[in-house]
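Residue numbers (our numbering), protein chains in the order written: chain L, 20 to 342; chain S, 20 to 342.
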């Protein structure tokens, strides 16, 4: 364990991979070791950038280009995915490696896909803890990528310092395709594919969203001008440095005004409670409890016991059973 | 307790009120008595009719007229309300009595408003258990009324044998004002105020919704022709008997085909699990646990402990603490 921690904090990629595999494991002894590891991580910080975008907006190409640009500035970049659907379909390891070919071979970059056999709650914990591991391994930027399916975006926003929404150029009517809740979470909207024939449409889309953002949100955590909409092109690289400058400006402003740390503190509290609740409810998935639940559930379904009576009885029994 | 049970099963209204007050209480000794009472109720059944409608559709007038019509057929009718907003504002006892003046004085009817000091989860349990008490007291029909706010409609549907949606006559464009999810739950849509000048609009609204319903749902639990849309007038009484005939026809068909009991069994299982989960999480609201949570939460927020580590620690402690 000490060796793993040592290698990890030196920035060893294989140690990082092994540490992530450890925190992804559901085995009780692995979990104990993972908790010990997490308790001893150095307090390094990366900038945690949440990134959402529906399929077709060119998210992979954007991450490839944006991530490469960051490494060219000497920054170390980790890319994590929160994709419950790929988790269900059995992981997307190959997919992630092939869709970001250059970045995956870059020694300053580290890409880790959503693990298989995970549910949304499990993915959340695994991703949060992986972020911490990446920070301990000395990464400067952690990109947390998610597909555009409601709940996963909220999860990612709740573990990010900044939340970026990637969109494709589109006519004014399609503005409404983005859910209001997701718009409200965005600190920065990037309209991708702002090149060639699509450039005028992209510029119009930026203007549309800039207007919408002004109406949607004014928070104390935002400096003047934020949330912002900007045009980028992953294909030509246009706007990528400017987008990064905006992200840094926002993060710096929030650090100076105390919002950055306050946000992380609130997030940590939130995840503490979420894990605690999940841990309490996990009792119900233990084999002996499940058998008992099935039996009592059958009596309830047959009308022999009222639901509230059965629940009270079961809660009493859980106190007696070793958990 | 035996006396309360005896009076209740005889149909004594004051005993019923006292029994409901008992199950609404949060005191531990009251809860124990409530559980004992619920365990000894006779297996009588009423038809449980969920009824939803936004303010302005004439819900109170409809319940007043519909309930009175049922009592004129010799049926005993209980009306329960699931209204979290009135719960928040401190109960609506006076409101319920005055807005259903005739029915509240009818010896065959029993009206019970949402209790104050209750949250949605608490309202759900209280209402389910009150339904059982009303059944034990010999009521034939239990109307469970809710205002049109998303979550409470789902709760009511999950404790009803039939779910009815009450609407006002409206132009075609306003069809979309009803959320798809609520439409999908409805077994019967009643368009109220189908009288006088509004009659043509009401008829057109019925036709619109009948078309929408056909597109929305076809379930094994529905006989041919259901879900249905019908016109009613609480003011003139037109269509009320027909609406009741439709409800009985649907309930009878479901009973004959086994869906009625299967639905109640599934509902009971669902509530059993929901209460069990709520009961497990209630540990976190106990004063000694809250104090500990606050302390650990502060450490987590300060970054001294990782959320997952703190959660694991707290779960260990909860095992040691008497719950």
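Even glycine gets a Cβ: it sits at the ideal position worked out from N, Cα and C.
Keep in mind that this is a model prediction, so the values were computed, not measured.
Since residue i and residue j should fall inside the 8 angstroms C-beta cutoff, what is the C-beta to C-beta distance between them, to a whole number of angstroms?
i	j	result
residue 272 (chain L)	residue 242 (chain L)	4 angstroms
residue 14 (chain L)	residue 290 (chain L)	Any question about residue 14 (chain L) goes unanswered here, given that chain L covers just 20 to 342.
residue 133 (chain S)	residue 102 (chain S)	5 angstroms
residue 256 (chain S)	residue 213 (chain S)	At roughly 11 angstroms, the Cβ-Cβ gap does not stay under 8 angstroms, so residue 256 (chain S) and residue 213 (chain S) are not in contact.
residue 65 (chain L)	residue 161 (chain L)	5 angstroms
residue 316 (chain L)	residue 288 (chain S)	5 angstroms
residue 41 (chain S)	residue 56 (chain S)	7 angstroms
residue 217 (chain S)	residue 188 (chain S)	5 angstroms
residue 325 (chain L)	residue 152 (chain L)	The pair is not a contact, with the Cβ atoms about 48 angstroms apart (cut-off 8 angstroms).
Quick one, which of the options has its alpha-carbon nearest residue i's?
i	options	result
residue 99 (chain L)	L:78, L:255, L:29	L:78
residue 330 (chain L)	S:215, S:144, S:28	S:144
residue 23 (chain L)	L:300, L:156, L:174	L:156
residue 335 (chain L)	L:82, L:308, L:64	L:308
residue 97 (chain L)	L:72, L:71, L:81, L:67	L:67
residue 159 (chain L)	L:41, L:327, L:267, L:288	L:267
residue 344 (chain L)	L:54, L:207, L:142, L:52	Not covered by the structure: residue 344 (chain L). The range shown for chain L is 20 to 342.
residue 163 (chain L)	L:338, L:141, L:130	L:130
residue 72 (chain L)	L:301, L:299, L:198, L:339	L:198
residue 92 (chain S)	S:61, S:80, S:313, S:127	S:127
residue 338 (chain L)	L:60, L:302, L:170	L:302
residue 202 (chain L)	L:142, L:63, L:182	L:182
residue 175 (chain L)	L:149, L:189, L:186	L:149
residue 249 (chain S)	S:141, S:226, S:74	S:226
residue 246 (chain S)	S:75, S:252, S:142, S:230	S:230
residue 141 (chain L)	L:296, L:328, L:316	L:296
residue 30 (chain L)	L:244, L:75, L:312, L:95	L:95
residue 228 (chain S)	S:84, S:184, S:47	S:184
residue 222 (chain S)	S:314, S:205, S:238, S:251	S:251
residue 204 (chain S)	S:171, S:219, S:20, S:83	S:171
residue 279 (chain L)	L:253, L:179, L:299, L:260	L:179
residue 177 (chain S)	S:299, S:118, S:200, S:286	S:286
residue 84 (chain S)	S:74, S:54, S:120, S:50	S:120
Kindly list, in the order they appear in chain L, the residues whose Cβ is closer than 7 angstroms to that of residue i.
i	result
residue 178 (chain S)	Chain L residues near residue 178 (chain S): none, gap ~10 angstroms exceeds 7 angstroms.
residue 151 (chain S)	325
List the residues of chain L that residue i touches, going by C-beta distances under 8 angstroms, in chain order.
i	result
residue 334 (chain S)	295, 298, 299
residue 262 (chain S)	Those do not exist, as residue 262 (chain S) stays about 28 angstroms from chain L at its closest Cβ, beyond 8 angstroms.
Using the beta-carbon of each residue, which ones in chain S are nearer than 8 angstroms to residue i?
i	result
residue 328 (chain L)	54, 57, 58
residue 144 (chain L)	327
For residue i and chain S, any beta-carbon pair shorter than 9 angstroms?
i	result
residue 129 (chain L)	no
residue 315 (chain L)	yes
residue 112 (chain L)	In this predicted model, residue 112 (chain L) has a pLDDT of only 40, less than 50, meaning its place in the structure is not dependable enough to derive any value.
residue 243 (chain L)	no
residue 337 (chain L)	yes
residue 28 (chain L)	no
residue 106 (chain L)	In this prediction, residue 106 (chain L) has a pLDDT of 43, which is less than 50 and means its spatial position is unreliable; nothing more can be read from the coordinates.
Given that residue i touches chain S, what residues does it touch there, using C-beta distances under 7 angstroms?
i	result
residue 319 (chain L)	287, 288, 291
residue 331 (chain L)	54
Return no unless some Cβ of chain L is closer than 9 angstroms to the Cβ of residue i.
i	result
residue 324 (chain S)	yes
residue 22 (chain S)	no
residue 37 (chain S)	no
residue 109 (chain S)	Because the pLDDT of residue 109 (chain S) is 41, which lies under 50, any placement of that residue in the model is unreliable, and the question is left without a value.
residue 50 (chain S)	yes
residue 284 (chain S)	yes
residue 312 (chain S)	yes
residue 31 (chain S)	no
Check the Cβ of residue i against every Cβ in chain S and list those closer than 9 angstroms, keeping chain order.
i	result
residue 303 (chain L)	292, 295, 296, 299
residue 62 (chain L)	322
Using the beta-carbon of each residue, which ones in chain C are nearer than 8 angstroms to residue i?
i	result
residue 148 (chain L)	The question asks about chain C, but that chain is absent: this structure's protein chains are L and S.
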